[in-house]
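Trainee: The following block contains the structure, expressed as structure tokens.
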Amino acid sequence: MAQSSATSVTPSAAKPPLTVWLFFIFSWPIGWWMAYDGVHQRVTGDYVRLNGQLGPWASLVSAVGIDPLSLGWIFVILGLGFIAASFGLYLRRRWGYNVGLAASLISLFYLGFGTPMAVVCLIVLLLKPTRAYLATAAAS
7 MAQSSATSVT
17 PSAAKPPLTV
27 WLFFIFSWPI
37 GWWMAYDGVH
47 QRVTGDYVRL
57 NGQLGPWASL
67 VSAVGIDPLS
77 LGWIFVILGL
87 GFIAASFGLY
97 LRRRWGYNVG
107 LAASLISLFY
117 LGFGTPMAVV
127 CLIVLLLKPT
137 RAYLATAAAS
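Just so we're aligned: the sequence shown equals residues 7 to 146 in the working numbering.
Rendered as structure tokens:
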């Protein structure tokens, strides 16, 4: 006996798993902070300094010969990348998943606040429910 379309649930109507919501929860604070801090640097010439100095990431980039104050646009792009990735992931778009992975991997070097947030984002992206959620979209 065939089911009517009104009673059957299609894969595209499946609700996002908890891992997708966890990506939202962890990607938005790091994303908005990085975007804000990057814009702040571009407008004022300096980052927001919560304790009077830059975070540990600044020592890391200085050690490889990069001026931390030259990374304002990078922070804007990474931050907005996290936000865009969260929507792309929610909408089951492969690009959202890929941008989330890339932003998370790069943000591992944002020592201090960014590293643990990026680790959590990576973990929830790589978990099976997240990948299955994307795979059902590709199959439909």
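Glycine included, C-beta positions come from ideal geometry on N, C-alpha and C.
Fair warning: this is a prediction, and the values are worked out from it, not measured in the lab.
Please report how far the alpha carbon of Trp63 lies from the alpha carbon of Tyr116, in whole angstroms.
Mentor: Residue 63 sits at position 57 when you count from the first residue of the sequence shown. Residue 116 sits at position 110 when you count from the first residue of the sequence shown. Going from the Cα of Trp63 to the Cα of Tyr116 covers about 5 Å.
Trainee: Quick one: what's got a C-beta closer than 7 Å to Phe30's C-beta in the same chain, skipping five residues either side?
Mentor: Numbered from its first residue, the sequence shown carries residue 30 at position 24. The answer, listed in chain order, is Ser92.
Trainee: Here's a check: name, in chain order, each residue in its chain whose Cβ is nearer than 6 Å to the Cβ of Gly37, leaving out the five neighbours to either side.
Mentor: Position 31 of the sequence shown, counted from the start, is the residue given in the question as residue 37. Result list for Gly37: Gly85, Phe88 and Ile89, in chain order.
Trainee: Is Leu28 closer than 7 Å to Val130 when the C-beta atoms are compared?
Mentor: For this step, residue 130 is matched to residue 124 along the sequence shown. For this step, residue 28 is matched to residue 22 along the sequence shown. Yes.
Trainee: Can you look up Gly118 in the DSSP assignment and give me helix, strand or coil?
Mentor: For the purposes of this step, residue 118 is identified with residue 112 of the sequence shown, where counting begins at 1. Gly118: coil per DSSP, three-state reduction.
Trainee: Is the beta carbon of Thr25 sitting closer than 7 Å to the one on Leu111?
Mentor: To locate residue 25, count along the sequence shown from 1; it is residue 19. To locate residue 111, count along the sequence shown from 1; it is residue 105. Cβ atoms of Thr25 and Leu111: not closer than 7 Å.
Trainee: Go ahead and pull the three-state DSSP assignment for Pro23.
Mentor: One-based indexing of the sequence shown puts residue 23 at position 17. Pro23: coil per DSSP, three-state reduction.
Trainee: For Ala41, collect the residues of the same chain with a Cβ closer than 6 Å to its Cβ; drop the 5 residues on either side in sequence, then sort them by chain order.
Mentor: Position 35 of the sequence shown, counting from 1, holds the residue named residue 41. When the five nearest sequence neighbours on each side are left out, the beta carbons in the same chain lying within less than 6 Å of the beta carbon of Ala41 are those of Val82, Gly85 and Leu86, in order along the chain.
Trainee: Suppose only complete runs of 4+ residues qualify. What are the alpha helix (DSSP H) ranges in the stretch 46-117, listed by chain order?
Mentor: 62-69, 78-96 and 100-113
Trainee: Grab me the residues of His46's own chain with a C-beta within less than 7 Å of its C-beta, minus the 5 sequence neighbours each way, in chain order.
Mentor: Along the sequence shown, one-based indexing puts residue 46 at 40. Non-local C-beta neighbours of His46 in its own chain, meaning closer than 7 Å and more than five positions away in sequence, comprise Tyr53 and Val54, ordered along the chain.
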